[in-house]
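In what follows, a structure is listed as structure tokens, so that the remarks can point back to it.
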Amino acid sequence: MPDPPPAPLLTLRGIGKSFLGVRVLDGVDLDVAPGEVHAVVGENGAGKSTLMKIVSGAYVPDEGTVELAGEPRAFRGPGDAQRAGIGIIHQEFNLLPERTVAENVYLGHEPVRRGLVDRRAMLDRTGRLLASIGETALPADARVGRLGVAQQQVVEIAKALALDARLLIMDEPTAALADHEVELLYGLVRRLQERGIGLLYVSHRLTEVFDLSGRITVLKDGRRVTTVDTADTTADELVRHMVGRELSSYYPDRAGPGDVGPVRLTVRDAGNQKLRGIDLQLRAGEVLGVGGLQGSGRSALARALFGVSPFTTGDVTLDGRPVRLRSPRTAMRAGIAYVTEDRKGEGIVPRQSVLDNALLASRAIFAARSGRAARTERVRELLAAVEVRAAGDDQEIRFLSGGNQQKVVLARWLALDPRVLLFDEPTRGIDVGAKSAIHDLVRRLARDGAAVLMISSDLPELLGMSDRIVVMRDGRLAGELPAGATEEDVVALAVGNVPETAR
Amino acid sequence: MAALAAVTLLALTACATDEPAAGPSGSASAAGSGTGEQSKFFVQADYDAELALLDAAPTGPADKPWEQVLNPTMVDTAKFKKSGPHKICFSNAALNNPWRQVGFKTMQAEVEAQRSRISEFVHVDAEGKDQKQIADINDLLGKGCDALIVSPNTTATLTPAVEAACKAGLPVVVFDRGVNTKCPVTFINPIGGYGFGHVGAEFVSQRMKPGGKVLALRILPGVDVLETRWSAAKVAFDKAKVDVVGVEFTDGDPAKTKKIVDDYIQRYGTIDGLWMDAGAVAVAAVEAFQDAGKPVPPMNGEDQLDFLKIWKDKNLTAIAPTYPTYQWRTPIIAALRILDGQQVSNPWKLPQPTITQDNLDQYLDANMPPLHYAMCGCTDLPGYPQRWK
Amino acid sequence: MSARSLLPARRPVPGVFVALALTLAIGWLVVLVDGGQLFNQSTTVSLLHVAAGLGFVAVGQTLVILGGSLDLSVAYVISLSTLVAAETMNGNDGAVVPAIGLALAVSAGIGLLNGLLVTKLRVNAFIATLGVGLLLKGYLDSGYDGPAGTTSPTLVQTLGYQRVGPVPLSFLLLVAVTGMAWFALSRTRFGHHLVAVGGDAEVARLSGVRNDRVLVTAHVLCSLCAGLAGIYLASRLGSGAPRVGTEGLYDLESIAAVVIGGTALAGGRGGVVGTVGGVLLLASIDAVFNQLDVDAFFKQVIRGAIIIAAVAVYARRALRKAAS
Amino acid sequence: MQIVQRRRLPLRLIRVRPGGVLPILTILAVLLVLVGIRQPDFLDPPSLMSFLGRSAPIILLAAGQYFVIVCGEFDLSVGSLVTAQVVVAARLIDSDPARTWPVVLLLLAFGAAVGLVNGLITTRLRVPSFITTLGMFLILVGAVYLWSDGSPKGGLSEEFRRFGRRAVEDVPLLGRVPYALLVLLAVAALAVLLTRSDFGRTLVAVGDNPRTAELSGVRVWRTRTIAFILSGLAAAVAAILLGGYSGVSFQAGAGLEFGAITAVVLGGVALGGGRGSVVGAMLGALTLELLFALMNFYGVSGALRSTVQGAIILLAVAVSATRSSAR
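Residue numbers (full-length UniProt numbering), protein chains in the order written: chain E, 1 to 503; chain V, 1 to 389; chain R, 1 to 324; chain A, 1 to 327.
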């Protein structure tokens with residue numbers, strides 16, 4: 001990419017922001033040129049999201065200036081920023097399930113004719129917008145609640161595009177996208193660039209950052225570490241900037257031949273509304289990776305095994321004994337634990353203390369009489385063992401970083417001494433440092449004899465962590481790969497490029 | 001549209017030819033008594049008239065006060081004469097308190113007693129809602145009633161509906177609360193709120209030490225029947241120069257009553273007199289004095305049996321002016337007389353006896369439930385006493 | 001994702017109208033067996049009058065509930081509005097317009113207060129409107145000891161009692177108000193934004209909706225509707241009545257009508273048409289039970305059961321929809 | 001776990017936790033001072049004791065309501081439940097002392113049953129609790145009127161009334177200690193223990209994020225149902241005390257549900273769940289009661305009381321809401 005053009009679209013100077021006396025942003029400078037993709041990377045808690053919220057008008061900065069096309073702006077709300085031409089695609093869906101696609105896309109700036117919402121224009125324009133990004137199958141008057149995850153993400157993108165934004169913020173836009181949709185997004189980004197739209201691109205996935213961006217700004221602890229031209233840097237260097245250390249060995253060692261024990265969990269010809277003909281064996285001591293596209297049934301598999309949406313057909317045996325996993329409780333009693341992918345919605349109890357969060361499962365499962373004090377002591381030890389960083393175990397968990405929250409969730413499950421651990425995207429939205437801590441923990445658990453099933457969309461993670469990989473497609477197991485398989489192998493199975501391995 | 005009902009046309013004249021607020025209230029606001037301004041409900045002429053009625057001698061059978069009339073002025077009803085049996089309809093304001101319950105049971109018993117002459121008795125309960133009662137009356141007009149009895153929920157607001165009913169041509173009998181129109185054939189009620197309030201207040205102020213402290217307990221503001229009781233009491237208290245230290249609303253809630261009385265006892269050390277505009281919380285008030293270890297001051301209650309019982313048991317200095325529930329018998333009797341073409345008095349003022357120490361035993365019946373009203377005049381009716389238990 | 005599920009969401013006939021039809025049919029039959037007639041002119045007129053009073057309030061209540069809020073102060077607003085209107089008119093036909101204007105302005109002011117408490121001071125709507133209700137109650141209790149003022153005869157004659165065939169003018173006005181509310185919800189930005197705020201306040205905010213302004217507007221409109229109900233009641237009663245709102249239980253009944261009509265109490269789903277269905281259902285039950293001379297207390301039991309049952313049915317339906 | 005040093009440590013000592021009891025204690029203290037100025041002898045042990053005794057029912061209701069509100073629900077049926085209980089008790093006891101204890105047990109069972117039904121309808125049929133308990137409110141009021149033909153019958157025995165009306169006499173220092181106060185203290189101690197127990201902590205977690213709780217093995221529906229049962233039981237105890245204090249009437253429980261909810265909110269418990277303490281809720285109720293007494297002492301006109309009450313509630317809640325939302 002060439003040097004930044006002289007007239008930047010967005011200029012941030014000396015941005016600072018504090019919450020409850022905690023400084024989360026401090027003197028951040030950043031600029032984006034028209035047609036430029038400017039990536040922002042950093043660990044979780046580095047201040048990326050806060051910075052994006054300031055740009056998009058959700059927060060007001062305590063200090064510093066925001067200039068758009070040379071004009072200083074003080075946004076009083078997201079609406080203000082939108083009218084100024086700043087759009088944002090959020091990490092989490094910002095859609096109303098009860099409303100139609102068109103109503104969602106044009107929420108906040110409905111086309112108006114003679115003071116009234118012009119429904120026809122709204123539908124037409126939404127249709128055109130969807131067509132322009134290659135989604136012709138999606139009706140503009142479908143209720144969003146009935147759409148799949150990927151389609152909802154498309155609506156989310158269309159929603160941002162409908163704003164005619166001059167500057168578009170993408171906050172982890174690929175988090176929920178399947179690979180072919182990521183490709184679509186790439187094309188989209190390039191088209192936006194051609195139109196002269198500036199993009200602020202926040203992502204943990206360095207591949208995307210290198211594929212798309214012209215410049216990269218690294219944030220750490222609320223400060224800007226550096227801004228570099230993408231062409232002049234490498235992934236290793238970026239990671240070094242982000243965490244301040246070299247991550248030579250990214251993943252812990254795999255299980256050795258002696259580590260893998262007997263078959264612990266067997267699933268035979270099981271299925272439910274979303275799954276069909278699942279045959280699976282999981283051994284003590286191994287990490288079984290589960291790959292596949294979003295919606296291929298990976299999470300459904302974990303949720304079936306945990307009894308959230310149980311199998312309706314087939315058998316499951318655990319350590320040779322048949323089990324019926326009808327509910328999370330029965331699964332937990334059988335020794336199964338589940339770390340969900342939606343940490344905020346399903347993983348934590350935000351306004352309760354770290355300790356209460358960690359004790360939640362033990363309290364629910366064990367009778368009160370069985371040594372409360374000892375139980376609390378044990379959970380405290382586990383919190384220490386997983387190295388949670390907090391101001392005290394009475395701190396509310398919502399004030400912790402994503403990585404630390406995930407560690408607390410893990411401690412909650414470890415307190416039950418689970419024999420089978422189901423991880424669904426355990427490191428999604430977690431910064432690099434905490435990521436490797438979680439990886440170490442997962443491996444340690446396997447080494448201590450647990451059977452681990454790990455779902456991940458992050459291919460390097462999947463390949464790096466797994467002793468074995470199964471890939472899912474359309475609610476079935478599409479095939480199995482040994483350790484040492486390549487990304488191409490996984491993708492091929494996931495999209496159905498190769499004949500299925502009979503299994 | 002041609003289909004404009006009579007109702008709609010008549011509503012025109014609904015408005016206030018005789019507004020209640022019209023009367024002067026000058027003499028009432030004696031200063032320094034803490035009772036504040038006189039209510040706009042206070043009408044001096046009505047007040048004087050009611051107080052005069054207290055001493056009037058009723059005409060009619062002595063053992064049937066519900067058929068007695070004070071100062072009768074008969075009206076001719078020949079035009080309503082009709083052969084029976086009759087369909088009588090009753091639009092009731094509400095059934096939401098023991099007084100109305102006892103009254104309504106009495107009325108039902110009266111209907112049963114007159115079964116041979118009444119073919120059908122239709123009762124509609126407005127549940128204390130003006131709006132519903134207006135609709136109810138309109139609804140009843142379409143049902144071919146021979147006579148309509150109305151117990152209005154609110155005087156002013158039900159007036160148009162009652163006028164519409166009059167125009168429909170059937171005899172209308174109003175009782176308990178009145179309406180601001182002369183169109184009903186008769187309006188039946190006992191002497192009224194001024195009499196009630198006056199009797200209680202006069203007793204309390206005479207029996208307590210001069211210039212002592214009186215606590216007035218009221219149920220809630222804005223109910224006309226209760227407002228007149230208070231305004232008469234106020235006149236009496238101001239005249240007696242007693243110190244009304246508080247006028248509190250209890251919502252008819254005994255717990256709230258006890259708390260209020262408790263706090264007043266604490267605040268003033270002693271309370272020398274207790275007046276209340278209705279007997280519902282009389283027992284709670286007595287208990288508050290007992291629980292605080294204070295003598296119960298001269299007070300008034302009403303003819304509810306729980307109060308009469310505690311009065312007798314604790315030998316209180318008390319009086320019970322009444323608003324007799326036997327008035328619920330009279331509308332049925334009146335309606336049948338009207339349909340016979342007999343003359344009836346309009347207004348039909350019923351006597352309003354007062355229970356005193358002397359006649360207390362006569363009204364106290366230990367076998368009836370505590371919230372029964374002694375002045376129900378129902379002992380001769382079918383189903384007594386089971387119906388009222 | 002199958003093609004079937006991508007079809008545009010058809011709005012089913014709100015269940016409340018099925019229930020309404022059933023109630024009327026069964027009621028008609030039972031009343032007939034009892035020897036009465038449910039659909040005679042006077043009964044129909046009475047039913048529609050009762051529905052009109054509650055209807056105005058419930059339509060307004062729908063707006064705030066759709067936005068995820070609640071208004072427990074409506075009963076007092078109604079009472080206040082009857083008084084303001086009747087006292088300003090004082091029996092004078094010439095003062096009708098200023099009186100209506102003043103009553104609506106006072107109502108709107110209370111709505112504004114509610115809205116500001118809920119949005120700017122972030123007081124939970126339940127507590128905020130309960131508190132404002134108490135403020136008004138104090139004013140009404142201390143300022144009025146009974147009906148006051150006199151409604152202009154013309155207004156009594158028209159809005160209060162005029163009717164077209166069996167349909168009272170007030171009910172036609174309710175239909176018009178409902179139509180306007182429906183139109184506002186589906187065809188104005190305000191309506192779209194309101195449903196969005198009720199559906200997910202954060203999503204709405206991040207989409208550039210000015211949540212506070214939308215909610216304040218909804219509260220003002222709700223109070224205006226309550227004020228309108230007050231004007232109607234003033235013209236029906238011929239004067240201002242300081243307790244007509246609370247006696248009529250308009251606060252809880254309006255909420256009941258709204259949820260029976262299929263609007264989610266949490267907001268974001270539902271509409272005013274269902275609400276009118278709910279109002280008619282409640283009024284029909286009243287009418288049927290009136291005809292049968294059923295004890296008012298029994299009616300209350302039935303009403304409580306119906307409210308629970310209706311919402312349970314909606315919840316079940318929503319659950320099935322989510323599962324499909 | 002690694003304890004990260006807070007940046008401004010001293011702040012922690014005076015930090016007002018959202019949902020803590022400090023704000024309500026402040027309001028309570030101010031009201032106490034105001035009462036003390038106007039009516040110094042109110043603070044003498046005997047009158048203070050009797051004040052606490054008569055406030056016991058509403059405090060108990062607030063404690064019961066706390067459990068329901070903290071797990072994210074509402075209970076609007078408690079007022080009508082209290083009325084129903086008192087009326088039922090009067091009719092069943094019918095002034096016969098021998099029936100006192102069986103009826104007390106029956107009332108507790110009745111309260112628990114109503115709570116159970118509320119809970120099951122809310123959790124199993126997924127009816128919002130506002131609606132469930134509003135419906136239950138109408139049903140109970142209607143049913144109790146229907147059952148008693150619109151007028152309470154029978155009477156309470158002196159034994160029954162003792163709990164709410166009598167006191168332990170001649171206690172050193174305190175004078176007389178009302179039984180109601182003893183009941184209150186016992187129930188309050190139980191409530192505090194309960195909130196510290198696994199159930200109590202789980203309950204708050206359910207109010208905060210039911211999905212997480214469900215996926216952590218908590219039987220959310222069961223937890224919430226138990227909360228409703230607790231509220232029903234609290235209403236039963238409150239009804240026993242209230243019936244004792246003031247006798248039978250249809251007004252016994254009127255409006256108590258709003259009083260209890262107001263008290264709970266005043267005590268710093270978040271409507272919607274997940275935050276607040278039972279002590280705060282009970283202090284909130286005590287504060288409300290003190291406010292009413294204060295108005296009696298200052299002679300605030302009866303009709304204006306609701307205005308004062310409304311203003312104070314709005315003020316207190318608005319202040320705490322703006323404080324806690326200032327992130």
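Cβ atoms here follow ideal geometry from the backbone N, Cα and C, with glycine treated the same way. Since the model is a prediction, treat every value here as computed from it, not as a measurement.
Using a C-beta cutoff of 9 Å, does Glu127/V count as contacting chain R? Yes, its Cβ sits closer than 9 Å to a Cβ of chain R.
Is the separation between the beta-carbon of Gly267/A and that of Tyr66/A shorter than 9 Å? Contact flag set, yes.
Using a Cβ distance threshold of 8 Å, determine whether the segment 285 to 300 of chain E contacts the segment 461 to 468 of chain E, with at least three qualifying pairs required. Touching, per the Cβ criterion.
Which of helix, strand or coil DSSP assigns to Ser29/V: Any reading at Ser29/V must be qualified, since the residue scores a pLDDT of 35, below 50, and its modelled position is unreliable; no value is offered.
Taking the continuous beta strand (DSSP E) assigned at Arg161/A, which residues delimit it? Note, Arg161/A: premise wrong, no beta strand (DSSP E); alpha helix (DSSP H) at 158 to 165.
Once the 5 residues before and after Gln101/V are set aside, which same chain residues still bring their CB inside 7 Å of it? Counting only Cβ-Cβ distances below 7 Å, and skipping sequence neighbours, we find Leu95.
What are the residues that DSSP puts in a beta bridge with Leu10/E? Beta-bridge partners of Leu10/E (DSSP): Val32/E, Leu68/E.
Check the Cβ of His203/R against every Cβ in chain E and list those closer than 7 Å, keeping chain order. A small fix is needed here, since residue 203/R is Val in this sequence, not His. Simply Asn94, Leu95, Leu96.
Closest to Trp311/V by C-alpha separation, out of Asp63/V, Pro324/V, Gln357/V, would be which residue? With distances taken between Cα atoms, Trp311/V lies closest to Gln357/V.
Just how far apart, CA to CA, sit Leu13/A and Leu28/A? For Leu13/A, the predicted structure reports a pLDDT of 38, less than 50, and the residue's modelled location is therefore unreliable. A value from the coordinates is still provided. Rounded to the nearest whole angstrom, the CA to CA distance from Leu13/A to Leu28/A is 21 Å.
Nearest to Leu140/R by alpha carbon, out of Val216/R, Leu24/R, Ser81/R? The shortest C-alpha separation from Leu140/R is found at Ser81/R.
What would DSSP say about Pro153/R, mapped onto helix, strand or coil? In this structure, Pro153/R counts as helix in the three-state DSSP scheme.
Could you tell me which residues DSSP puts in a beta bridge with Ile278/E? Per DSSP, Ala270/E.
DSSP bridge partner residues for Glu248/V (one or two, in chain order): Glu248/V is bridged by DSSP to Leu217/V.
Contact list for His109/E against chain R, beta-carbon separation under 7 Å: Simply Gly208.
Just how far apart, CA to CA, sit Arg38/A and Phe297/A? For Arg38/A and Phe297/A, the distance between alpha carbons rounds to 7 Å.
8 Å Cβ shell around Val28/E - same chain, five flanking residues per side excluded: In the same chain as Val28/E, and ignoring 5 residues on each side of it, the C-beta atoms closer than 8 Å to its own belong to Leu12, Gly14, Ile15, Gly16, Gly47, Leu51, Gly64, Leu219, Gly222, Arg223, Arg224, in chain order.
Arg428/E - containing alpha helix (DSSP H), residue span: That residue, Arg428/E, is in no alpha helix (DSSP H); it is neither H nor E in DSSP.
Minimum Cβ-Cβ distance from Thr83/A to chain R less than 9 Å: Output row for Thr83/A: interface = no.
Below 7 Å on C-beta distance, what does residue 335/R contact in chain E? This structure leaves residue 335/R out entirely; chain R is present only between 1 and 324.
Which residues mark the beginning and the end of the alpha helix (DSSP H) in which Ile260/V is found? Its alpha helix (DSSP H) spans residues 254 to 268.
Please say whether Gly195/V and Leu54/V have beta carbons closer to each other than 9 Å? A Cβ-Cβ contact shorter than 9 Å links Leu54/V with Gly195/V.
For a test of the three-state rule: what should DSSP assign to residue 528/E, helix, strand or coil? There is no way to answer for residue 528/E, as the model of chain E reaches only from 1 to 503.
Reduced DSSP category for Val59/R - H, G, I as helix; E, B as strand; rest coil: In the structure shown, Val59/R sits in a helix (DSSP, three-state: H, G or I).
Quick one: grab the DSSP three-state call for Phe126/R. It is helical.
Could you round the C-beta distance between Met375/V and Pro324/V to whole angstroms and report it? I think they count as a contact, below 8 Å. Contact between Met375/V and Pro324/V is confirmed by a C-beta separation of about 4 Å, below the 8 Å threshold.
Can you tell me which of Val199/V, Thr154/V, Ala113/V, Val185/V puts its alpha carbon nearest to the alpha carbon of Arg177/V? Of the candidates Val199/V, Thr154/V, Ala113/V, Val185/V, the one whose C-alpha sits nearest the C-alpha of Arg177/V is Thr154/V.
Tell me which residues of the segment 254 to 270 of chain V have at least one Cβ-Cβ distance to chain A shorter than 9 Å, keeping chain order. Against chain A - using a Cβ distance shorter than 9 Å - the residues of the segment 254 to 270 of chain V are Pro254, Ala255, Lys256, Thr257, Lys258, Lys259, Ile260, Asp262, Asp263, Tyr264, Gln266, Arg267.
Determine, using beta carbons only, whether Arg327/A comes closer than 9 Å to chain E. Because Arg327/A sits at a pLDDT of 37, beneath the cut-off of 50, its placement in the model cannot be relied upon, and the following sentence gives the value as read from the coordinates. Closer than 9 Å to the CB of Arg327/A there is at least one CB belonging to chain E.
Distance, Ala191/A Cα to Ala270/A Cα: Approximately 18 Å, taken between the alpha carbons.
Tell me whether Ser73/R sits in a helix, a strand or coil according to DSSP, three-state version. Annotated three-state conformation of Ser73/R is coil, per DSSP.
List the residues of chain R that Phe137/A touches, going by C-beta distances under 9 Å, in chain order. Correct list: Leu252, Gly304.
Helix, strand or coil at Gly279/V [DSSP, three-state]: DSSP places Gly279/V in helix when its eight states are reduced to three.
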